[in-house]
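Here's the structure we're looking at; comments come further down.
Residue numbers (the numbering used here), protein chains in the order written: chain A, 2 to 292; chain B, 2 to 292.
Laid out in structure tokens, this is it:
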């Protein structure tokens with residue numbers, strides 16, 4: 002996983018063609034957040050899904066980079082004063098703290114837009130058929146858009162003004178975090194010409210680990226180690242934010258993470274994924290992580 | 002032109018599939034700005050370019066809507082307090098004035114992301130070949146992205162802090178306004194299977210009317226009628242913003258608009274566009290407009 006992560010980081014560092022004229026501050030602001038580290042979970046999922054079906058890592062890389070650009074833009078915009086108003090992210094000052102709000106908004110817009118350019122490179126450079134790549138474009142815009150990740154963030158902002166029950170919380174988790182994880186897996190599958198049954202298995206795997214991932218995040222916010230996390234804990238409690246552990250308690254939440262992980266693995270076994278070992282590894286890593 | 006404009010408005014009103022679950026405020030905020038009127042210049046250009054080469058209006062419509070979504074998102078984000086801090090747009094309160102800053106940022110993100118979904122519909126619904134549609138995706142992300150429209154806006158923000166000469170101003174105009182106009186024309190051409198020579202003619206037409214359009218905007222800001230414009234004039238003067246009339250004077254600016262318009266028309270005549278009448282009509286409209 003570390004080796005793949007290094008390859009993703011290298012690809013992300015050269016994400017803008019060198020002969021493109023991009024204003025200095027904008028490029029710097031985009032690069033700052035894109036290279037600020039992080040687990041690279043979503044790119045790893047794209048690549049692991051492609052490889053689980055015998056697809057090529059090279060062909061998966063442009064989409065792996067695209068999904069990280071989308072994730073990074075969403076963090077930059079979520080951290081803005083008008084949104085979650087966060088000063089630190091991954092142990093470093095947030096984008097708007099370094100470059101100012103206007104540059105942070107534009108850096109987010111730039112990364113979001115450029116993600117689609119990166120997806121298109123799968124066809125241009127690695128001969129993924131145009132139909133497959135276009136299906137990935139359509140799914141990225143759907144899973145990251147108003148009924149996907151942006152919708153989840155909007156519901157989260159509305160919920161902070163008081164309206165949340167367990168259904169509302171599920172909606173937020175499903176879209177704010179889950180949708181992009183599901184996208185990553187299905188896009189990896191598409192690059193390796195997955196069958197509809199295999200795409201369905203990857204989607205069910207993604208839904209389950211996505212939800213487990215978010216519950217684990219909420220658990221870590223409650224009992225995690227600030228130094229390892231690179232951000233302050235107990236922020237949900239301080240913000241009086243309703244989370245899964247708030248409804249179910251800590252022990253039941255931990256059990257739910259384990260149950261969802263087992264369910265995720267089962268989906269791959271039932272769904273005819275020839276080589277799921279790397280995807281199993283990622284789901285185990287998520288289960289045991291402390292940051 | 003009015004008839005086409007009405008068809009674009011109808012298409013934009015139903016831009017989100019009805020069975021999609023989108024949080025109420027987000028959907029409302031997106032629709033508010035998307036249906037707030039405006040000239041619909043960019044969609045008209047997509048359709049006129051497609052029809053100038055014998056392409057179908059139906060097949061051009063998804064891309065026409067997409068370019069208006071991109072344009073609208075850019076206005077929403079540009080109006081934010083951290084950017085231009087505008088309270089009115091097209092005679093109505095700006096998005097963040099009605100829905101708040103967080104919702105306005107997300108409405109912009111949602112429109113930007115959904116634009117790519119809309120482009121993909123050209124293939125799904127109207128059988129535009131996947132290669133053509135993917136080329137449109139790639140160009141949209143390039144012309145609207147960090148080295149295109151977002152880059153132009155970033156350069157404009159930097160320039161407001163004092164650094165501008167005529168070259169800097171050209172960079173801003175070329176990217177902030179020009180790139181999306183050029184995209185609209187080339188995308189319309191691609192839908193009608195334009196040859197490379199025809200695409201080149203459409204690009205030169207777009208570059209010229211794009212620059213003319215921006216100079217005309219600057220002229221109207223200086224001497225226009227506030228009621229017709231739906232916004233206050235002399236804002237550039239008040240902001241001490243450097244504009245083309247500032248460098249060249251009012252009369253020379255007017256002459257330049259006329260010269261660029263003539264050059265634009267010449268590009269179509271030289272470039273083998275079979276039926277350029279509608280495109281000529283749009284460039285004449287831009288030349289004579291008072292809002």
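C-beta: ideal position from N, C-alpha, C; glycine also.
Quick test of your reading: residue 288 of chain B and residue 258 of chain B, contact by CB under 8 Å. State the CB separation rounded to the nearest angstrom. By a beta-carbon distance limit of 8 Å, residue 288 of chain B contacts residue 258 of chain B. Their separation comes to about 6 Å.
inquiry  = Need the endpoints of the alpha helix (DSSP H) that residue 142 of chain A sits in, please.
reply    = Under the DSSP assignment, residue 142 of chain A falls in the alpha helix (DSSP H) whose first and last residues are 131-145.
Nearest CA to the CA of residue 148 of chain B: which residue from A:47, A:77, A:158, A:115?
When C-alpha distances from residue 148 of chain B are compared across A:47, A:77, A:158, A:115, the shortest belongs to A:115.
Next item on the list: Step through the CB atoms of chain A and report whether any lies within less than 8 Å of the CB of residue 11 of chain B.
Entry: Chain A contact via Cβ: absent.
- Interface residues of chain E around residue 132 of chain A at Cβ under 7 Å? Looking for chain E here will not work: the only protein chains present are A and B.
*asked:* Can you pull out the residues from the segment 151-182 of chain A whose beta carbon lies closer than 9 Å to at least one beta carbon of chain B?
replied: From the segment 151-182 of chain A, only 151, 152, 153, 154, 155, 156, 158, 159, 172, 176 have a Cβ closer than 9 Å to chain B.
| By how many angstroms is the C-alpha of residue 99 of chain A removed from the C-alpha of residue 27 of chain A? | Using only the alpha carbons, I get a separation of about 12 Å.
(message) Please report whether the beta-carbon of residue 260 of chain B lies at a distance below 8 Å from any beta-carbon of chain A.
(response) Cβ-Cβ to chain A under 8 Å: no for residue 260 of chain B.
* To do: Can you tell me which of A:197, A:201, A:211 puts its alpha carbon nearest to the alpha carbon of residue 179 of chain A?
  => Of A:197, A:201, A:211, the residue nearest in Cα terms is A:211.
- With 16 other CB atoms within 10 Å as the buried threshold, where does residue 153 of chain A fall? Flag for residue 153 of chain A reads buried.
Checklist entry - At a CB-CB cut-off below 7 Å, which residues of chain B make contact with residue 148 of chain A? => result At a C-beta separation below 7 Å, residue 148 of chain A has these neighbours in chain B: 21, 22, 23.
> Between the Cα of residue 215 of chain B and the Cα atoms of B:170, B:190, B:202, which residue gives the shortest distance?
Replying inline: Proximity to residue 215 of chain B across B:170, B:190, B:202 peaks at B:170, based on C-alpha coordinates.
- [ ] Kindly list the residues whose CB is nearer than 7 Å to the CB of residue 140 of chain A, restricted to its own chain and excluding five residues on each side of it in sequence; keep chain order.
- [x] For residue 140 of chain A, where only same-chain residues beyond five positions count, the Cβ hits under 7 Å are 184, 187, 188.
Worksheet entry | Short Cβ contact (8 Å threshold) for residue 181 of chain A with residue 145 of chain A | A contact, by the Cβ cut-off of 8 Å.
Point to revise | Neighbour list for residue 128 of chain B in chain A, Cβ cutoff strictly below 9 Å | key: The premise fails here: residue 128 of chain B is roughly 12 Å from chain A at the closest Cβ pair, so nothing lies under 9 Å.
**Burial state of residue 36 of chain B (16 or more Cβ within 10 Å)** = Exposed: under 16 other Cβ atoms inside 10 Å.
task = Report the option in B:204, B:243, B:203, B:202 whose CA atom is closest to the CA atom of residue 218 of chain B.
result = Among B:204, B:243, B:203, B:202, the Cα nearest to that of residue 218 of chain B is on B:243.
### Message
Taking the alpha helix (DSSP H) that residue 262 of chain B belongs to, which residues open and close that run?
### Response
Annotation: the continuous alpha helix (DSSP H) that includes residue 262 of chain B extends over 251-271.
Beta carbon of residue 77 of chain B nearer than 8 Å to that of residue 34 of chain B = The criterion of a C-beta distance shorter than 8 Å is satisfied by residue 77 of chain B and residue 34 of chain B.
Is the separation between the beta-carbon of residue 63 of chain B and that of residue 122 of chain B shorter than 8 Å? Taking 8 Å as the Cβ cut-off, residue 63 of chain B and residue 122 of chain B qualify as a contacting pair.
Against chain A: residues of the segment 110-128 of chain B by CB proximity under 9 Å: Those residues of the segment 110-128 of chain B placed with their C-beta closer than 9 Å to a C-beta in chain A are 110, 111, 112, 113, 114, 115, 116, 117, 118, 119, 120, 121, 122, 124, 125, ordered along the chain.
- request: Name the two residues that bound the continuous alpha helix (DSSP H) containing residue 123 of chain A.
  value: 102-127 is the extent of the alpha helix (DSSP H) around residue 123 of chain A.
Enumerate in chain order the residues of its own chain whose CB-to-CB distance from residue 286 of chain B is below 8 Å, with the five nearest sequence positions on each side excluded. Excluding residues within five positions, the ones whose Cβ falls inside 8 Å are 2.
Query raised in the report: With a cut-off of 8 Å, does the C-beta of residue 93 of chain A fall near any C-beta of chain B?
Result: No, residue 93 of chain A lies away from the interface with chain B (no Cβ there is under 8 Å from its Cβ).
Would you say residue 106 of chain A lies against chain B (beta-carbon separation less than 8 Å)?
For residue 106 of chain A, the answer is yes, since a Cβ of chain B falls inside 8 Å of its Cβ.
_Tell me the DSSP secondary structure of residue 90 of chain A in three-state form._
Strand, per DSSP.
Per-residue contacts from residue 138 of chain A into chain B (C-beta, under 9 Å)
Chain-ordered, the chain B residues with CB closer than 9 Å to the CB of residue 138 of chain A read 117, 118, 120, 121, 134, 135, 138.
> Which residues of chain A have a Cβ atom closer than 9 Å to the Cβ of residue 31 of chain B, listed in chain order?
Replying inline: Neighbours of residue 31 of chain B on chain A, chain order: 147.
inquiry  = With a threshold of 8 Å between beta-carbons, can residue 103 of chain A be considered close to chain B, or not?
reply    = Yes, because at least one Cβ of chain B sits closer than 8 Å to the Cβ of residue 103 of chain A.
*Buried or exposed: where does residue 199 of chain B fall if 16 or more other Cβ atoms within 10 Å of its Cβ makes it buried?*
Buried, because 16 or more other Cβ atoms sit within 10 Å of the Cβ of residue 199 of chain B.
**Q.** Per-residue contacts from residue 83 of chain A into chain B (C-beta, under 7 Å)
**A.** Within chain B, the residues whose beta carbon sits less than 7 Å from that of residue 83 of chain A are 102, 103, 106, listed in sequence order.
Notebook entry, point to check: To the nearest angstrom, how far is it from the Cα of residue 83 of chain A to the Cα of residue 83 of chain B?
Noted result: The straight-line gap from Cα to Cα measures roughly 10 Å.
| Does any residue of chain B bring its CB to less than 8 Å from the CB of residue 142 of chain A? | Yes, because at least one Cβ of chain B sits closer than 8 Å to the Cβ of residue 142 of chain A.
Three-state secondary structure (DSSP) of residue 292 of chain B:
In the displayed model, residue 292 of chain B falls within coil according to three-state DSSP, outside both helix and strand.
task: Return the CA-CA distance between residue 95 of chain B and residue 87 of chain B, expressed in angstroms with no decimal places.
output: Those two C-alpha atoms are separated by around 7 Å.
Would you identify the three-state DSSP class for residue 39 of chain B, choosing helix, strand or coil? Secondary structure of residue 39 of chain B (DSSP, three-state): coil.
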